[in-house]
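Q: Got a structure here, written out as structure tokens. Questions coming.
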Amino acid sequence: MSPTTTEIGLREVLLALIAELLGEKALERGGIVLEAPPRADFGDYSSNAALLLAQHAGTAPRALAQRLGEALAQRLGGQLDHYEIAGPGFLNLFLADQWHHAALWQVLSEGERFGGGQASCPERIVVEFVSANPTGPMHVGHARNAAYGDALARVLAFHGHTISREFYVNDAGTQIHKLGASVIALMQGREVPEDGYHGEYMHALADSVKAQLADSPQAQVEPRNVGTVAVSLLLRTMRQSLDRFGVHFDHWAYESELHGGHPSAVDQVLGVLEQHGHTYSKDGALWLKTTDFGDDKDRVLVRSGGEHTYFASDIAYHQDKRERGFDRQIDVWGADHHGYVARMKAAYQALGGDSDELEMLTMQLVHLVRSGERAQMSKRAGEFVTLEELIAEIGVDAARWFLLSRSHDTTVDLDLDLAREQSSDNPVYYVQYAHARIASVLQKVGSERVGRTLEATPPGRAGAEQPLEAAERALVKKLLAFPAEVGEAAARRGPHRLTAYALELAQAFTAFYRDCRVVGAEPATVESTRIALCVACQSTIARCLDLLGVSAPREM
RNA sequence: GCGCUCGUAGCUCAGCUGGAUAGAGCAUCGGACUUCUAAUCCGAGGGUCGCAGGUUCGAAUCCUGCCGGGCGCGCCA
Numbered sequence: 002m003s004p005t006t007t008e009i010g011l012r013e014v015l016l017a018l019i020a021e022l023l024g025e026k027a028l029e030r031g032g033i034v035l036e037a038p039p040r041a042d043f044g045d046y047s048s049n050a051a052l053l054l055a056q057h058a059g060t061a062p063r064a065l066a067q068r069l070g071e072a073l074a075q076r077l078g079g080q081l082d083h084y085e086i087a088g089p090g091f092l093n094l095f096l097a098d099q100w101h102h103a104a105l106w107q108v109l110s111e112g113e114r115f116g117g118g119q120a121s122c123p124e125r126i127v128v129e130f131v132s133a134n135p136t137g138p139m140h141v142g143h144a145r146n147a148a149y150g151d152a153l154a155r156v157l158a159f160h161g162h163t164i165s166r167e168f169y170v171n172d173a174g175t176q177i178h179k180l181g182a183s184v185i186a187l188m189q190g191r192e193v194p195e196d197g198y199h200g201e202y203m204h205a206l207a208d209s210v211k212a213q214l215a216d217s218p219q220a221q222v223e224p225r226n227v228g229t230v231a232v233s234l235l236l237r238t239m240r241q242s243l244d245r246f247g248v249h250f251d252h253w254a255y256e257s258e259l260h261g262g263h264p265s266a267v268d269q270v271l272g273v274l275e276q277h278g279h280t281y282s283k284d285g286a287l288w289l290k291t292t293d294f295g296d297d298k299d300r301v302l303v304r305s306g307g308e309h310t311y312f313a314s315d316i317a318y319h320q321d322k323r324e325r326g327f328d329r330q331i332d333v334w335g336a337d338h339h340g341y342v343a344r345m346k347a348a349y350q351a352l353g354g355d356s357d358e359l360e361m362l363t364m365q366l367v368h369l370v371r372s373g374e375r376a377q378m379s380k381r382a383g384e385f386v387t388l389e390e391l392i393a394e395i396g397v398d399a400a401r402w403f404l405l406s407r408s409h410d411t412t413v414d415l416d417l418d419l420a421r422e423q424s425s426d427n428p429v430y431y432v433q434y435a436h437a438r439i440a441s442v443l444q445k446v447g448s449e450r451v452g453r454t455l456e457a458t459p460p461g462r463a464g465a466e467q468p469l470e471a472a473e474r475a476l477v478k479k480l481l482a483f484p485a486e487v488g489e490a491a492a493r494r495g496p497h498r499l500t501a502y503a504l505e506l507a508q509a510f511t512a513f514y515r516d517c518r519v520v521g522a523e524p525a526t527v528e529s530t531r532i533a534l535c536v537a538c539q540s541t542i543a544r545c546l547d548l549l550g551v552s553a554p555r556e557m
């Protein structure tokens, strides 16, 4: 099959022509795009190449566009219907139905791989996300973090990278002591200390800890010990919740392990920093000179009392990830951590790392909206909406979809009423419904007929001469946009783009379904083309939903 | 006060490494149902892209200032 059949292929042809006409150097000028223009009368694809290269070529933009157009028309032959020069020098391409047919079969021939594996430079990437403190249940903010981190990991993996998902467990330090003290207080029927953990879940937790430690009364009064038991119980439920949410981790990294051994990982990393002269002592504490690397003040690593700060553990954890050989580290953090980015990047450089290899993405807040009113989450224990409650109320699919439909750096309003609605007003149901509808159509067609269509070799794929309906062309083009969407979603760390794309694709299919009957279409070649469209569209919708972690039901 | 971030339709948000008449969903209004799943579809209205300058052939997009919202500024985690 000719490489000119896909959107990407077209771009390659165009670039090759430019190199031939103007020399390789012309391509060094970036920004040349070939994209679906905003209006249909600007053609199927449009390029700004002439605008950008006119100066280099020493000709007027429109004249250069004309040259490119002529050369392209010669190269593409019957696949190009015609081209136009528009505005200041845009080259607009109007592709023939023959091209659309070829492109559709190209999509089908790629099968499961369609849109994936395009990363030009595959990397080993560790994505650390959620990492909720194991001192209480996860709330809606964690749900967003989980949905985002997981979808990002899926997108990056599909794009061609090797991904490890990690959850960093803060199971050391004073908070565990506090948790233990709080549980002990409850077990003994006392009030929870002022600075302890309150909240409804603590009572059930205390009961569970008590049951676990029933046969060792002494162990029930040691805060650190009780805290550790409580953490393991909480972690178990967190893991279960995440499991139900469709989020799985490859590795659970425990902060406590960074403190074990002689010397511990933390001690070792402090040694490295000291050795490179990035630390100093002041007021009895050990400081890291993060200001040398762009932070606005230096940070404490070891407090004057001798305890390590959380920061010190975190540096050790990032060093550990470096030593495990990842090319890139992505941390997905809560909104309240954004002030932490500069110091962590500084520390990473102090370790000898390249700060570009470390990306810290901070998630903005989630507001729940119910009956048009914002249900603010309170930080006060016990009043937040938990991940479990969110799943119970709107289900995993809707929860993930809505949490993922916005960019991670903007606050999101989650409308619980809309999310729960099972109608076309609800985007997630609309997309799933399109998928189920295709499954139904294909079932009506029959697997034997579908198989016959897909197995036909190119010459047997008659129908390439059949003119296409507008809705068919539009659907082919929407399908072809998928690889670029995946590429953008991966490059910009923005899986939310795929929710928008999935909706557009579902809309394109629905328009096609309205205008073009599939089952029994005459002649058989037309039916074959439509079956092919259904198959390609179904698998692309399914792929999109899978990348988002949303199910793609075959019937609804 | 300092730092980061956001400000786009009535609402929630895309678009932001500069491109043509700024998009989607919801809401509103007007239409369509002897269908391959109506859990649907078609159409319409709705915008000084916070404000003001600057850069240029061209700015929602880049730069500066201002206004407004959010978050963070500990030898807490």
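Using the working numbering, the letters of the first sequence correspond one by one to residues 2 to 557.
Positions of the beta carbon are idealized from the N, C-alpha and C atoms, including for glycine.
Nothing here was measured: the structure is a model prediction, and the numbers come from that model.
1. Would a C-beta distance cut-off of 8 Å place Cys517 and Glu470 closer than the cut-off?
2. Closer than 8 Å by C-beta to Ala97: which residues in its own chain qualify, once you throw out the five before and the five after it? Chain order, please.
3. Please check the pair Leu65 and Ser48, which I expect to be a contact at CB under 8 Å, by giving their CB distance rounded to whole angstroms.
4. Kindly give me the distance between the Cβ atoms of Ala503 and Pro496, rounded to whole angstroms, as I take these residues to be in contact under 8 Å.
5. First and last residue of the alpha helix (DSSP H) that includes Leu366?
6. Report all residues from its chain with a CB closer than 7 Å to the CB of Arg381; omit the five preceding and five following residues, and keep chain order.
7. Thinking C-alpha only, which one of Leu369, Arg300 and Arg304 is nearest Gly340?
8. Short of 7 Å in beta carbon distance, which residues of its chain neighbour Gln467, apart from the five on each side in sequence? Order them along the chain.
9. Would you list the one or two residues that DSSP bridges to Ile86?
10. Consult DSSP for Asp293 and reduce its assignment to one of helix, strand or coil.
11. With Gly142 and Gly335 assumed to form a contact (beta carbons below 8 Å), what rounded beta-carbon distance in angstroms separates them?
12. Would you grab the beta carbon distance between Gly161 and Pro123 for me? Rounded to a whole angstrom, and I think it's under 8 Å.
13. Which one of Ser165, Gly150 and Gly137 has the shortest CA to CA distance from Gly326?
14. Under a three-way DSSP split, which group does Arg125 fall into?
15. With distances taken Cα to Cα, identify the nearest neighbour of Thr500 among Leu546, Gln539, Phe513 and Ala158.
16. Quick check on DSSP: helix, strand or coil for Ile185?
17. For Pro428, is the classification buried or exposed, using 16 other Cβ atoms within 10 angstroms of its Cβ as the cut-off for buried?
18. Using only the alpha-carbon positions, how far apart do Thr5 and Glu13 sit?
19. Let's test the definition: count the other Cβ atoms within 10 Å of the Cβ of Val386 and tell me whether it reaches 16, buried, or not, exposed.
20. To which residues of the same chain is Glu486 closer than 7 Å at the C-beta, ignoring the five residues directly before and after it?
21. Assuming Leu415 and Leu404 make a contact with CB atoms under 8 Å, what is their CB distance in whole Å?
22. Just mark Ser217 as buried or exposed, buried being the case when its beta carbon has 16 or more other beta carbons within 10 Å.
23. Spatial neighbours of Tyr46 within its chain, please: CB distance less than 8 Å, with the 5 preceding and 5 following residues excluded, ordered by chain position.
24. What separation, rounded to the nearest whole angstrom, lies between the Cα atoms of Gly112 and Leu16?
25. Per the DSSP calculation, Leu81 is bridged to which residue(s)?
26. Suppose you measure from the CA of Ile542 to the CA of Ser441; what does that come to, to the nearest Å?
27. With H, G and I counted as helix, E and B as strand and the rest as coil, what does DSSP make of Arg531?
28. Taking just the CA atoms, how far does Gly137 sit from Leu180?
29. Tell me the start and end of each unbroken alpha helix (DSSP H) in the segment 308 to 372 that is at least 4 residues and wholly inside, in chain order.
30. Counting C-beta neighbours from all protein chains within 10 Å, is the total for Val446 16 or more, i.e. buried, or is it exposed?
31. Since I believe Ala182 is in contact with Pro194 (beta carbons under 8 Å), could you give me their beta-carbon distance rounded to a whole number of angstroms?
32. For Glu486, which beta-bridge partners are listed by DSSP?
33. Taking Cβ to Cβ, would you say Leu236 is nearer than 8 Å to Val303?
34. Use the C-beta contact count for Leu549: other C-beta atoms within 10 angstroms, 16 or more gives buried, fewer gives exposed.
35. Could you spell out the range, first to last residue, of the beta strand (DSSP E) harbouring Asp414?
36. From which residue to which residue does the alpha helix (DSSP H) around Ala147 run?
A: Judging by the given coordinates:
1. yes
2. Gly79, Gln80, Leu81 and Asp82
3. Leu65 to Ser48, Cβ: 11 Å. No contact.
4. The Cβ separation is near 11 Å, so there is no contact.
5. Leu366 -> no alpha helix (DSSP H), and no H or E assigned at all.
6. For Arg381, the predicted model reports a pLDDT of 41, less than 50, meaning its position is unreliable; a value from the coordinates is still stated below. If we look at Arg381 and ignore the five residues flanking it on each side, it has no Cβ neighbours.
7. Arg300
8. Thr526, Val527 and Thr530
9. Leu92
10. helix
11. With a Cβ gap of about 6 Å, Gly142 and Gly335 count as contacting.
12. 5 Å
13. Ser165
14. Taken through DSSP and simplified to helix, strand or coil, Arg125 comes out as strand.
15. Here the closest residue by C-alpha is Leu546.
16. Helix.
17. buried
18. Note on Thr5: pLDDT 47, under 50, position unreliable in the model; no value is reported.
19. Burial of Val386 is indicated by the presence of at least 16 other C-beta atoms within 10 angstroms of its C-beta.
20. Here the set comprises Arg498, Leu499 and Tyr502.
21. 7 Å
22. exposed
23. Glu8, Leu11, Leu35, Glu36, Ala37, Pro38, Asn93, Leu94 and Leu96
24. If I take the Cα positions, the gap works out to 27 Å.
25. Leu96
26. 15 Å
27. In the three-state scheme derived from DSSP, where H, G and I count as helix and E and B as strand, Arg531 is classed as helix.
28. 9 Å
29. 311 to 324 and 342 to 351
30. Val446 sits buried, since 16 or more C-beta atoms from the chains shown fall within 10 Å of its C-beta.
31. 6 Å
32. Paired residue(s): none; Glu486 is not in a bridge.
33. no
34. buried
35. Val413 to Asp416
36. Where Ala147 is concerned, the enclosing alpha helix (DSSP H) stretches over Val141 to His160.
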